[in-house]
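K.L.:
The following block contains the structure, expressed as structure tokens.
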Amino acid sequence: MRFSLAAHRRSNVLVVGLRPVMCYVSASDCMQAEEQQHSRRYLLTLSLGALGVVYGDIGTSPLYAFRECFSKEHGLAVNAENILGILSLVFWSLVVVISIKYLLFVMRADNRGEGGILALMSLVRPRKSVRRGALLALGLFGAALLYGDGMITPAISVLGAVEGLQVIAPALGHVVVPATFAIIFTLFYFQYKGTAKVGGAFGWIMLAWFLAIGALGIGEIV
Numbered sequence: 068m069r070f071s072l073a074a075h076r077r078s079n080v081l082v083v084g085l086r087p088v089m090c091y092v093s094a095s096d097c098m099q100a101e102e103q104q105h106s107r108r109y110l111l112t113l114s115l116g117a118l119g120v121v122y123g124d125i126g127t128s129p130l131y132a133f134r135e136c137f138s139k140e141h142g143l144a145v146n147a148e149n150i151l152g153i154l155s156l157v158f159w160s161l162v163v164v165i166s167i168k169y170l171l172f173v174m175r176a177d178n179r180g181e182g183g184i185l186a187l188m189s190l191v192r193p194r195k196s197v198r199r200g201a202l203l204a205l206g207l208f209g210a211a212l213l214y215g216d217g218m219i220t221p222a223i224s225v226l227g228a229v230e231g232l233q234v235i236a237p238a239l240g241h242v243v244v245p246a247t248f249a250i251i252f253t254l255f256y257f258q259y260k261g262t263a264k265v266g267g268a269f270g271w272i273m274l275a276w277f278l279a280i281g282a283l284g285i286g287e288i289v
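Per my numbering, the sequence shown starts with residue 68, numbered consecutively.
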């Protein structure tokens, strides 16, 4: 990493760039402090990108998960017991799948730093062709599930969010599908800019979303 730090020791004054700063430590200590500051900024940037890319899927799921659970087809009554039961299922699913499955097992398995079903499948090389074909079929099936989720989830999430317009203004019901199409088209159009830029842009949106639903939840609890 390159840092544009021009430091000169003049008696007890350390000149950093054009700003003199009183410093009673060596220049190497100030360099180390500068590196720590840059590392904190890098960590915040990565956290913001992860908030937009990784947690965006989890954070938008409540838009359609509860609506689907209490749909008329299931005949489930909307009461406190059923709501707490669904929340319990969601919570323990996240604990088991993310904290136990991924952190304890999946994250420890990699193929030269690469993860995913197909990358891990290449590590398993059975001698018998029958087993090799079965593992290949399982890998392709898992990849198909991943690609299917990548196609279905954005459409359901955006549609579930835009359908809220019908609650506020029922006359805008005819705008739901065109608005959903326009939003999804815009999202996929800017994918060529890379995950880092897209995640950084949506990180602020997801941060505002989490703060909003957190404030609403705390307001209902209090």
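Built from N, CA and C at the ideal position, the CB exists for glycine as well.
Should G227 and Y131 be called a contact, given that it needs their Cβ atoms to be closer than 7 Å?
P.N.:
The count along the sequence shown starts at 1 and reaches residue 227 at position 160. The count along the sequence shown starts at 1 and reaches residue 131 at position 64. Yes. Within cutoff.
K.L.:
Relative to the C-alpha of F133, which residue among A186, G180, Y214, N149 is closest?
P.N.:
Within the sequence shown, residue 133 is the residue found at index 66, counting from 1. For the residues A186, G180, Y214, N149, the minimum Cα distance to F133 belongs to N149.
K.L.:
G116 and G270 look like a contact to me (Cβ under 8 Å); what is the Cβ gap, rounded to whole Å?
P.N.:
The count along the sequence shown starts at 1 and reaches residue 116 at position 49. The count along the sequence shown starts at 1 and reaches residue 270 at position 203. Indeed they touch by this definition, with Cβ atoms about 6 Å apart.
K.L.:
Which whole runs of the alpha helix (DSSP H) in the segment 216-285 are 4 residues long or more, in chain order?
P.N.:
Within the segment 216-285, the complete alpha helix (DSSP H) runs of at least 4 residues are 231-235, 243-256.
K.L.:
Starting from L154 and walking both ways along the alpha helix (DSSP H), at which residues does that stretch end?
P.N.:
Here residue 154 refers to the residue found at position 87 of the sequence shown. From DSSP, the alpha helix (DSSP H) with L154 extends over 147-161.
K.L.:
With 16 other CB atoms within 10 Å as the buried threshold, where does L278 fall?
P.N.:
Counted from its first residue, the sequence shown places residue 278 at position 211. It is exposed - the Cβ of L278 has fewer than 16 other Cβ atoms within 10 Å.
K.L.:
Could you check the C-alpha separation between G284 and I153 for me, to the nearest Å?
P.N.:
Within the sequence shown, numbered from 1, the residue matching residue 284 stands at position 217. Within the sequence shown, numbered from 1, the residue matching residue 153 stands at position 86. C-alpha separation (whole angstroms): 16 Å.
K.L.:
Span of the alpha helix (DSSP H) holding Y122?
P.N.:
Position 55 of the sequence shown, counting from 1, holds the residue named residue 122. Start and end: 122-127.
K.L.:
Please classify T253 as buried or exposed, where buried requires at least 16 neighbouring CB atoms within 10 angstroms.
P.N.:
Position 186 of the sequence shown, counted from the start, is the residue given in the question as residue 253. Exposed, since its Cβ has fewer than 16 Cβ neighbours within 10 Å.
K.L.:
Please report the distance separating the alpha-carbon of K168 from that of A246.
P.N.:
On the sequence shown, position 101 is the one that residue 168 refers to. On the sequence shown, position 179 is the one that residue 246 refers to. Taking the straight line from one Cα to the other gives about 37 Å.
K.L.:
With a cut-off of 8 Å on the beta carbons, I'd call G267 and T112 a contact; round off their distance for me.
P.N.:
If you number the sequence shown from 1, residue 267 lands on position 200. If you number the sequence shown from 1, residue 112 lands on position 45. That belief holds up - the Cβ atoms of G267 and T112 are roughly 7 Å apart, short of 8 Å.
K.L.:
Rounded to the nearest angstrom, how far is the Cβ of A222 from that of I251, given a contact under 8 Å?
P.N.:
Taking the first residue of the sequence shown as 1, we reach residue 222 at position 155. Taking the first residue of the sequence shown as 1, we reach residue 251 at position 184. Between I251 and A222 the Cβ distance is about 6 Å, and since that is below 8 Å, they are a contact.
K.L.:
If we call anything under 7 Å between Cβ atoms a contact, is L170 one with N178?
P.N.:
Within the sequence shown, the letter at position 103 stands for residue 170. Within the sequence shown, the letter at position 111 stands for residue 178. For L170 and N178, no; Cβs fall outside 7 Å.
K.L.:
Would a C-beta distance cut-off of 7 Å place L110 and M273 closer than the cut-off?
P.N.:
Here residue 110 is taken as the residue at index 43 of the sequence shown, counted from 1. Here residue 273 is taken as the residue at index 206 of the sequence shown, counted from 1. No.
K.L.:
So, is V229 buried or exposed, given that buried needs 16 or more other C-beta atoms within 10 angstroms?
P.N.:
The residue given as residue 229 occupies position 162 in the sequence shown. Classification of V229: buried, given that the 10 Å Cβ count is 16 or more.
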